[in-house]
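What follows is one structure encoded as structure tokens, with my remarks underneath.
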Amino acid sequence: MTFSFEPDPEFANELEWIDEFVREEVEPIDLFVADPWNVHDELRNALIVPLQEQVKERKLWACHLGPELGGPGFGQVKLGLMNERLGRSLAAPIVFGCQAPDSGNSEILAHFGTDEQKERYLEPLLAGRIVSCFAMTEPQGGSDPEVLTTSAALDGDSWVINGEKWFASSAHAASFFIVMALTDPDGPAYKRHSMFVVPAETPGIEHVRNVDGHHGYLRFHDVRVPADHVLGGRGEAFVVAQTRLGGGRIHHAMRTVGLVRHNFDLMCRRALSRTTGGEQLARKQLVQAAIADSWCEIESFRLLVLQTAWKIDKYQDYKRVRGDISAVKTLMPRVLNNVASRALQIHGSIGVSEEMPFMTAVRDSYVMALADGPTEVHQVNLAKAILRGYTADTDVFPDYHLIRRREQAEAKFADVLARHGVSAQTNS
Ligand SMILES: Cc1cc2nc3c(=O)[nH]c(=O)nc-3n(C[C@H](O)[C@H](O)[C@H](O)COP(=O)(O)OP(=O)(O)OC[C@H]3O[C@@H](n4cnc5c(N)ncnc54)[C@H](O)[C@@H]3O)c2cc1C
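If you count by UniProt numbering, then the sequence shown holds residues 1 to 428, one letter each, in order.
Dropping the structure here:
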């Protein structure tokens with residue numbers, strides 16, 4: 001039996017290098033570059049591109065990809081250990097070429113793109129020269145696919161797309177969009193939509209505005225793309241979306257482990273540094289409880305993330321781990337919210353100010369409860385996955401009813417009980 005909580009020595013070395021590189025070289029960039037996705041920002045390029053080169057030389061670039069796509073094919077467990085080091089910094093995933101939504105979009109293109117699309121988009125995306133956008137959510141809703149109305153109609157050998165998309169991250173910097181549109185409104189619920197690759201320069205795309213500087217509100221007016229720009233076939237949008245969401249969700253969770261740990265470290269340092277009422281905060285029992293609870297939450301979350309990563313590597317089938325990924329996705333915002341809120345509280349007034357990172361982390365926890373599907377939807381999915389492993393009891397007094405269990409035990413041990421003078425008590 002092999003069971004280990006330790007990486008091999010060679011990879012442990014790489015993790016050490018990543019840790020130091022992120023702390024020393026990448027984290028300072030977060031103080032100057034608010035949008036590391038924006039490949040059109042010259043300051044961003046001056047600071048980030050040289051670091052990307054170092055990562056490529058170190059052979060740690062795009063580690064979510066297999067060798068056929070130019071990555072080392074680390075697998076999810078190694079990726080998990082690596083990503084928890086990247087999670088401390090906004091720019092780090094970009095520096096290592098594994099940022100959302102591009103990581104998921106590259107998987108879609110690799111699976112479903114034509115050779116021409118791969119050459120035109122996948123190759124520069126994987127090299128970090130361009131970024132991409134995934135546009136599914138619409139102003140009237142994101143968690144219920146039935147309310148999505150952006151449509152695509154076949155006209156000769158083109159598809160013509162009309163409608164609106166909302167919260168499309170990185171739309172302002174993207175070279176192409178992956179757009180979900182209704183193609184068969186009367187088909188079965190999960191066969192009505194198709195996925196399209198839409199070049200950003202296609203006429204008819206209106207950028208209504210950028211929400212919070214990063215998420216596009218887009219309008220499509222008769223946006224025409226060639227017939228081969230449908231990805232994965234007509235009516236296959238949900239199959240295509242799952243290709244990116246499975247990996248995308250677990251990678252977010254891996255990075256969140258790092259972000260939560262960072263908040264926790266700062267909380268512990270403050271507890272030891274600050275005194276009130278004549279003693280260190282660290283000596284107050286309620287502060288100790290906050291530290292102990294946070295540690296337990298982080299460690300159990302991390303183990304669930306790594307176990308899910310291990311299952312993905314083992315089964316190579318995201319469908320088999322859908323429940324596990326929903327569990328991770330449900331826990332992720334809760335753990336970040338709890339720990340960042342406690343860190344904020346223990347820092348007192350400076351904790352709520354913009355001079356500390358805690359408010360941003362608390363806000364991020366709400367984002368994590370929405371992006372890639374709201375928590376409630378994942379709770380429902382998880383519960384359904386769990387319940388598939390059970391069957392209903394038909395008897396009003398089920399077999400675990402203690403009187404019935406005693407009855408069965410009395411029958412099983414009748415001889416021994418009789419020899420020891422224990423009489424039957426059952427009263428069915
Ligand atoms: C920072 C950020 C980045 C994003 N990036 C992208 C992107 O790049 N591309 C993209 O397409 N989308 C993106 N989204 C959108 C995201 O996918 C949606 O916010 C999400 O799917 C929820 O959709 P909604 O916001 O329309 O909320 P709604 O669907 O209106 O849901 C609102 C609330 O209703 C509740 N709810 C919903 N369903 C259920 C249920 N079954 N049971 C119980 N309660 C329920 C939940 O509390 C939910 O938060 C992003 C969102 C955020 C916050």
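For each residue, glycine too, the CB sits at the ideal point set by N, CA and C.
- Listed in chain order, the alpha helix (DSSP H) elements of length 4 or more contained wholly in the region 273 to 354 are 285 to 315, 322 to 346, 349 to 352.
- Exclusion of L148 from the 7 Å shell around ligand 1 follows from its C-beta lying no nearer than that to any non-hydrogen atom of the ligand.
- Along the length of the region 52 to 109, whole alpha helix (DSSP H) runs at least 4 residues long occupy 76 to 86, 92 to 95, reported in chain order.
- DSSP places K412 in the uninterrupted alpha helix (DSSP H) bounded by 402 to 412.
- Ranked by Cα distance from K329, the options G351, A253, F32, A292 are led by A253.
- Annotation: the region 205 to 276 contains the following complete segments of the beta strand (DSSP E) (minimum length 3 residues), in chain order: 205 to 211, 215 to 226.
- A direct Cα-to-Cα measurement between A241 and F397 gives close to 45 Å.
- Below 8 Å, too few C-beta pairs join the region 269 to 277 and the region 33 to 42 to call them touching: fewer than three.
- Annotated as distal: M359 and L370, with beta-carbon spacing of 8 Å or more.
- Residue pairing of V160 in beta bridges, as defined by DSSP: A153, R224.
- Using a Cβ distance threshold of 8 Å, F32 and L15 do not count as a contacting pair.
- For H215, the distance from the CB to the nearest heavy atom of ligand 1 is below 7 Å.
- For P72, the shortest C-beta to heavy atom distance toward ligand 1 is 7 Å or greater.
- In the structure shown, I130 adopts coil according to DSSP, grouped into three states.
- DSSP lists no beta-bridge partner residue for V416.
- The residue from T275, A173, V352, N105 with its alpha-carbon nearest to that of M195 is N105.
- Residue pairing for K165: DSSP places it in a beta bridge opposite L218.
- Taking the Cβ of L370 as the reference point, at least one heavy atom of ligand 1 falls within a distance shorter than 7 Å.
- Distance from the CA atom of H111 to the CA atom of S175, rounded to whole angstroms, is 19 Å.
- Checking the DSSP bridge columns, you'll see I178 partnered with F134, V197.
- Contact between the region 19 to 26 and the region 70 to 89 is present: three or more C-beta pairs spanning the two stretches fall below 8 Å.
- Taking C-beta atoms under 8 Å as the contact rule, M356 and T256 fail to qualify, at a distance of about 19 Å.
- Under DSSP, the beta-bridge partners assigned to G141 are E138.
- Boundaries of the alpha helix (DSSP H) harbouring N381: 375 to 387, taken from the DSSP string.
- At least one heavy atom of ligand 1 is found less than 7 Å from the C-beta of E376.
- With contacts defined by Cβ atoms closer than 8 Å, H193 and L148 form a contacting pair.
- Counted as a single uninterrupted DSSP element, the alpha helix (DSSP H) harbouring S365 occupies residues 358 to 368.
- Annotation for L15: the continuous alpha helix (DSSP H) segment containing it runs 9 to 21.
- Taken atom to atom, the span from the alpha-carbon of L79 to that of E236 is near 28 Å.
- Under the 8 Å Cβ criterion, the region 116 to 123 does not count as touching the region 57 to 66, having fewer than three qualifying pairs.
- The beta-carbon distance between E206 and H229, rounded to whole angstroms, is 19 Å. This is too long to meet the 8 Å contact definition.
- Contact between the region 128 to 137 and the region 285 to 295 is absent: fewer than 3 CB-CB pairs across the two stretches fall below 8 Å.
- E119 sits in a helix when the DSSP states are folded into three classes.
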